[in-house]
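A.B. asks: Have a look at the structure that comes next, please.
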Amino acid sequence: MKRTHHCNELRPAHIGQTVTIIGWVHSRRDLGGVIFVDVRDREGRTQTVYDPNLLPKDLFDRVSALRSESVVQITGTVRQRPAGTINTKIATGEVEVLAQQVEVLNQAAVLPFPVDDPEVAAKVNEELRLQYRYLDLRRPEMIRNLRLRSKVAMATRNYMDEQGFLDVETPTLFKSTPEGAREFLVPCRTSPGQFYALPQSPQQFKQILMVGGVERYYQLARCYRDEDLRADRQPEFTQVDIEMSFIDREDIYNLIEGLLKRIWKTALNVDLPTPFLRMPFVDALNRYGIDKPDTRFGLELADFTEEFRHSGFKVFSGTVASGGVIKAINAKGLACATQGQIEAMTETAKSFGAKGLAYIKVEKGEWKSPIVKFFGAPEKEALTKKLGIEEGDLVLFAADQWLNACEILGKIRLYCAEVLKTQGKLTISPTQFNFLWVVDFPLLSFDKEMNRWYSSHHPFTSPVEADIPLLLTEPKKVRGQHYDIVVNGVELGGGSIRIHQPEVQKVLFEQVLQIPADMVQARFGYMLEAFRYGAPPHGGIALGFDRLVAILCGTTSIRDVIAFPKTAKGTDLMTQSPAAVDAKQLRDLHIELKLPKKD
RNA sequence: GGGGGUGUAGCUCAACUGGUUAGAGCGCUGCCCUGUCACGGCAGAGGUUACGGGUUCGAGCCCCGCCACUCCCGCCA
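As structure tokens, this is what we get:
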């Protein structure tokens, strides 16, 4: 059993040849006498023809009973289609295979949903698609996504190999490091009461590889996080994990710009302009209200802290007096926003702890707003000038502490962009890719509830050299050598130059992050130990591979680029996992269940 | 943990303000059809309106609960 050609191969040049093709019954058209069957494999479609005068009756009857998606092997002669019956929609449309032998390798049952009609299939409930993923994967869009993913993986490996990187595998049975994301624990029969954890990322191993002298490491690494899911977050996902020695930040930027350039060229035949824009964290917040700005459209934030410092509007001047800021955006042409939309924006603002969302609608030459009566002429003038206010605009304000004010307006900005898009007032080309590096993140953030500092990125991130003296005196001011790569408002990846001196790492763990010394020893002792024996300066980055492929495929859900993804609750609808296990299995693991009672 | 959306035939959807026997297209079954390619024609089968309660003379529609899927917030060092 061997095919001679795939289903996207036959052309007029093959006319007269006897061929064998194998594939799925894409569609069957039974005209009573002659029958046509389109056979499909992953490459394409070929029409086969059945003539009752040339075939034994039982064979002909079997063909007329074939159901969609049955698997068939057909041997026959390639021939020119009669004049006027050429199908220009498919690549093999000039020829057809006149069948002589047909073998039904697998008669398909009636399908739970159609896979042949792209329009219907694309609308099928995702729940059903996930349950019958093998049918879903036969759809051209899905196989296209898998192909592209494979191609991008290959391009990545080729590029990294050319750059002298070694593909090194790291363990997926790791140990629990409770800082950071929640982990999946793995019990183990041979060590009663003890657990492995699946890695959130190979972070520690890749740093150890640098100490091990590998110099340049990469891996398409599977990572696991037991956190709640999103359209762009799965409990297990793949990242392009990279680490290199004897480098600084610029080396990483160059490497990744080269990699993405290669990937875009390979996948989309697009030449990405490099170098990418580099934007300090503070600028990103000030201008876009987010640390992963979508720069494909304007609607930038403007600052009015000084203008409102002595304002008659006490909400604003009061905020400034208590150390806050006044920020505003001009949603061009959104004065027509409905009450519902303004309410939705206000709710968003409130969810960030804002008391409300001040706004001005500019309609019929008038500023319509509950607050504008408090504004003096200089304030109005400053607003008009800085925001370029015109007829039909909607101005929105946030008055709060700096970070909060920025983030509120950042969310509002994205919401406004969505509204403008649906109104046709903002269009973004699907082929536009705005890459940028966000740099100079604060090394530390403060947790008010726990009353302590925590790492903005992770505790191995090196401070900017000049800021090290500030670590214990002014932690807030210490910048980290951390960088994020962002495209179109999506965080594609991030990394940092690491700490390679055990003393600095120890200070960070124990004095800055306030992790007790014995706990540091238990969790990271081996790393600190390793760094004592000749640790090279090093740094790295990880790119979300699923997100990367999703962007290239033009989809917002990474489930569309993962062969067997999980639902928003982390279940696999096809295999019905996770699932209960036998009492014996639990006994072997010395595990006793204590489930919450249901009433 | 919280908020929003969805759930009606195998699939995609409809069903007015709560009112007759819950409809359509596709698919499926049977019959007819020798150049179709979304083949066509005729006939037919197919429903616990996700599930459990409640209100009502009467519930797909209203109320309460619950489940699944989905989007978002929290969370994701």
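Letter by letter, the first sequence follows residues 82 to 680 of our numbering.
Cβ coordinates follow ideal geometry from the N, Cα and C atoms, glycine included.
This structure is a prediction, so every number in the text was calculated from the model and none was measured.
DSSP three-state label for residue 680, please.
C.D. replies: Reliability fails at residue 680, whose pLDDT of 43 lies under 50, so the model's placement of it is uncertain and the value that follows must be treated cautiously. Three-state result, residue 680: coil.
A.B. asks: Buried or exposed: where does residue 680 fall if 16 or more other Cβ atoms within 10 Å of its Cβ makes it buried?
C.D. replies: Any reading at residue 680 is ruled out, since the residue's pLDDT is 43, under 50, leaving its predicted position unreliable.
A.B. asks: Considering only the alpha carbon of each residue, which of 178, 216, 407 lies closest to residue 196?
C.D. replies: Answer by Cα proximity: 216.
A.B. asks: Using a Cβ-Cβ cutoff of less than 6 Å, which residues in the same chain neighbour residue 181 once the five nearest sequence positions on both sides are dropped?
C.D. replies: Closer than 6 Å at Cβ, skipping near neighbours: 156, 157.
A.B. asks: Going along the chain, which residues of its own chain have a beta-carbon closer than 8 Å to the beta-carbon of residue 601, five neighbours each way excluded?
C.D. replies: Cβ within range, chain order: 587, 590, 591, 609.
A.B. asks: Can you name, in chain order, every residue of its own chain whose Cβ lies under 6 Å from the Cβ of residue 418, other than the five neighbours on each side?
C.D. replies: 475.
A.B. asks: Which stretch, first to last residue, makes up the alpha helix (DSSP H) that contains residue 595?
C.D. replies: From DSSP, residue 595 is part of no alpha helix (DSSP H); its letter is neither H nor E.
A.B. asks: Using the Cβ count rule (16 or more neighbours within 10 Å means buried), how would you classify residue 426?
C.D. replies: Label assigned to residue 426: buried.
A.B. asks: Helix, strand or coil for residue 303, going by three-state DSSP, please let me know.
C.D. replies: Three-state result, residue 303: strand.
A.B. asks: For the region 142 to 208, which segments carrying the beta strand (DSSP E) assignment without a break, of at least 3 residues, lie completely within its bounds, in sequence order?
C.D. replies: 152 to 161, 176 to 187, all fully within the region 142 to 208.
A.B. asks: Is it buried or exposed for residue 403, if we count other Cβ within 10 angstroms and need 16 for buried?
C.D. replies: Flag for residue 403 reads exposed.
A.B. asks: Per DSSP, what kind of secondary structure is residue 508 in: helix, strand or coil?
C.D. replies: Three-state DSSP puts residue 508 in coil, outside helix and strand.
A.B. asks: Looking at residue 647: is its Cβ nearer than 7 Å to the Cβ of residue 641?
C.D. replies: Taking 7 Å as the Cβ cut-off, residue 647 and residue 641 do not qualify as a contacting pair.
A.B. asks: My output table needs one value for residue 361: the three-state DSSP class, helix, strand or coil.
C.D. replies: Residue 361 falls in the strand class under three-state DSSP.
A.B. asks: Under the rule that 16 or more other beta-carbon atoms within 10 Å means buried, what is residue 201, buried or exposed?
C.D. replies: With fewer than 16 Cβ atoms within 10 Å of its Cβ, residue 201 is classed as exposed.
A.B. asks: Can you tell me where the beta strand (DSSP E) holding residue 625 begins and where it ends?
C.D. replies: Per DSSP, residue 625 belongs to the beta strand (DSSP E) from 619 to 625.
A.B. asks: Using only the alpha-carbon positions, how far apart do residue 616 and residue 325 sit?
C.D. replies: Rounded to whole angstroms, residue 616 to residue 325 spans 12 Å at the Cα level.
A.B. asks: Starting from residue 315, trace the alpha helix (DSSP H) in both directions and tell me its first and last residue.
C.D. replies: That residue, residue 315, is in no alpha helix (DSSP H); it is neither H nor E in DSSP.
A.B. asks: What are the boundary residues of the alpha helix (DSSP H) that includes residue 128?
C.D. replies: No alpha helix (DSSP H) holds residue 128; the beta strand (DSSP E) holding it covers 126 to 131.
A.B. asks: In the DSSP assignment, find the unbroken alpha helix (DSSP H) run with residue 583 in it and report its ends.
C.D. replies: Counting along the chain, the alpha helix (DSSP H) containing residue 583 begins and ends at 583 to 587.
A.B. asks: Can you find at least 3 beta carbon pairs, one from the region 378 to 391 and one from the region 454 to 466, that sit closer than 8 Å?
C.D. replies: With a cut-off of 8 Å, the region 454 to 466 and the region 378 to 391 count as touching, because enough Cβ pairs lie within range.
A.B. asks: Sorted by chain position, which residues of the same chain lie with C-beta nearer than 8 Å to residue 559's C-beta, five sequence neighbours on each side aside?
C.D. replies: Taken in chain order, the residues that qualify are 523, 524, 525, 544, 545, 548, 549, 551, 552.
A.B. asks: Where in the region 406 to 439 do unbroken runs of the beta strand (DSSP E), each at least 3 residues long, occur, reported from the N-terminal end onward?
C.D. replies: Counting whole runs of 3 or more residues, the region 406 to 439 contains the beta strand (DSSP E) stretches 406 to 412.
A.B. asks: Among 291, 228, 108, 84, which residue has its Cα nearest to the Cα of residue 99?
C.D. replies: For residue 99, the nearest C-alpha among the options comes from 84.
A.B. asks: Mind pulling the alpha helix (DSSP H) runs of 4 or more residues that sit fully within the region 622 to 654?
C.D. replies: As far as the region 622 to 654 is concerned, its whole alpha helix (DSSP H) runs of at least 4 residues are 626 to 634.
A.B. asks: What's the call for residue 375, buried or exposed, on a 16-neighbour Cβ count within 10 Å?
C.D. replies: Buried.
A.B. asks: Can residue 88 and residue 109 be called in contact, C-beta distance under 7 Å?
C.D. replies: It is not a contact, given that the beta carbons lie outside the stated cut-off.
A.B. asks: Using the rule of at least 16 other Cβ atoms within 10 Å of the residue's Cβ for burial, across every protein chain shown, is residue 254 buried or exposed?
C.D. replies: Flag for residue 254 reads exposed.
A.B. asks: Is the region 361 to 371 close to the region 473 to 493, with three or more CB pairs under 8 Å?
C.D. replies: Touching, yes, given that three or more Cβ pairs across the two stretches are closer than 8 Å.
A.B. asks: Quick one: what's residue 528 bridged to in DSSP?
C.D. replies: Answer is 533, bridged to residue 528.
A.B. asks: Using a Cβ-Cβ cutoff of less than 8 Å, which residues in the same chain neighbour residue 278 once the five nearest sequence positions on both sides are dropped?
C.D. replies: The residues are 255, 256, 257, 258, 264, 265, 266, 267.
A.B. asks: Out of 639, 174, 664, 676, state which residue places its alpha-carbon closest to the alpha-carbon of residue 314.
C.D. replies: Looking at the Cα atoms, 639 is the closest of the given residues.
A.B. asks: Okay, do the region 613 to 632 and the region 317 to 335 touch, 3+ Cβ pairs below 8 Å being the bar?
C.D. replies: At 8 Å Cβ cutoff, the stretches touch.
A.B. asks: Can you check whether the CB of residue 604 is closer than 7 Å to the CB of residue 288?
C.D. replies: Not a contact, by the Cβ cut-off of 7 Å.
A.B. asks: When you compare the CB positions of residue 179 and residue 152, do they come within less than 7 Å of one another, or not?
C.D. replies: No, they are not a contact pair.
A.B. asks: Restricting to runs no shorter than 4 residues, where is the alpha helix (DSSP H) found entirely within the region 314 to 399?
C.D. replies: Listed in chain order, they are 330 to 349, 362 to 369.
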